[in-house]
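Trainee: Residue numbers (the UniProt record's numbering): 1 to 138.
For each residue, glycine too, the CB sits at the ideal point set by N, CA and C.
All values derive from a computational prediction rather than experimental measurement.
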Amino acid sequence: MVDSTDKKLLDILKENSRLSFADLGRKINLSPSSVRERVQKLEEEGVIKKYDIQINNKLIGYDLEAFILLKVFPGKLKYVINKVNEFPEITVAHRITGNQNIHLKVVVENQLRLQKLLDKLMQFGDTNTFLILSEITK
1 MVDSTDKKLL
11 DILKENSRLS
21 FADLGRKINL
31 SPSSVRERVQ
41 KLEEEGVIKK
51 YDIQINNKLI
61 GYDLEAFILL
71 KVFPGKLKYV
81 INKVNEFPEI
91 TVAHRITGNQ
101 NIHLKVVVEN
111 QLRLQKLLDK
121 LMQFGDTNTF
131 LILSEITK
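(1) If distances are taken between C-alpha atoms only, which option among Leu-131, Asp-126, Met-122, Gln-115 comes closest to Phe-67?
(2) Throw me the rounded Cβ distance for the Val-47 and Leu-9 pair, which I believe falls under 8 Å.
(3) DSSP on Arg-95, reduced to helix/strand/coil?
(4) For Val-2, count neighbouring Cβ atoms within 10 angstroms of its own Cβ and tell me buried if that reaches 16, exposed if not.
(5) Just to confirm the assignment, what range does the beta strand (DSSP E) spanning Thr-129 have?
(6) Helix, strand or coil, according to DSSP, for Ile-90 in the structure here?
(7) Measure how close the beta-carbons of Asn-128 and Leu-69 come, nearest whole angstrom, since I'm counting them as under 8 Å.
(8) On a Cα-Cα basis, can you pick out the residue from Ser-134, Ile-81, Gln-54 that is closest to Leu-121?
(9) Where does Gly-98 land, buried or exposed, given buried means 16+ other C-beta within 10 angstroms?
(10) May I have a chain-ordered list of the beta strand (DSSP E) segments no shorter than 3 residues that lie completely inside the stretch 25 to 77?
(11) For my contact list, Asp-126 and Lys-71 are in at a C-beta cut-off of 8 Å; report their separation, rounded to the angstrom.
(12) Alpha carbon to alpha carbon, what distance is there between Ile-12 and Thr-137?
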């Protein structure tokens with residue numbers, strides 16, 4: 001069971017998962033050992049699935065981000081779901097409802113790389129691509 005203190009802890013960790021247990025404790029008025037126990041419990045229960053980083057892709061040469069909706073050819077969905085992990089350009093993939101089956105977020109160097117990726121994906125089904133112009137944060 002997640003209580004209000006756990007929720008506060010999760011909110012802080014969402015903003016900066018690198019804070020020490022002491023720093024976290026100061027923010028929610030708990031000792032470092034209490035924070036450590038809570039974090040370990042949240043990890044064990046699967047509430048915290050992983051810790052990751054956010055990369056500024058443009059600074060490492062990946063100038064183009066896009067969403068691709070894929071309508072998989074009949075009878076190929078399970079196969080395609082298993083193949084998605086083989087594409088390093090795909091950073092996020094979801095199985096969805098509606099006219100399409102899969103929603104992908106991709107990061108590529110340029111339009112040519114996007115075109116090559118789309119050529120590969122089109123063997124699995126019809127694609128609909130949306131270039132990301134900017135990110136809107138709350």
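Mentor: The short version:
(1) Phe-67 has its Cα closest to that of Leu-131, out of Leu-131, Asp-126, Met-122, Gln-115.
(2) The distance from the Cβ of Val-47 to that of Leu-9 is about 10 Å, inconsistent with a contact at the 8 Å cut-off.
(3) Here Arg-95 carries a strand assignment [DSSP, helix/strand/coil].
(4) Flag for Val-2 reads exposed.
(5) Residues 125 to 131.
(6) Correct three-state label for Ile-90: strand.
(7) Confirmed, Cβ separation roughly 4 Å.
(8) Checking every option, the nearest Cα to that of Leu-121 belongs to Ile-81.
(9) Gly-98 sits exposed, since fewer than 16 C-beta atoms from the chains shown fall within 10 Å of its C-beta.
(10) Taking only runs of at least 3 residues, the beta strand (DSSP E) segments lying wholly in the stretch 25 to 77 are 64 to 72.
(11) That belief holds up - the Cβ atoms of Asp-126 and Lys-71 are roughly 4 Å apart, short of 8 Å.
(12) Taking the straight line joining both Cα atoms gives about 17 Å.
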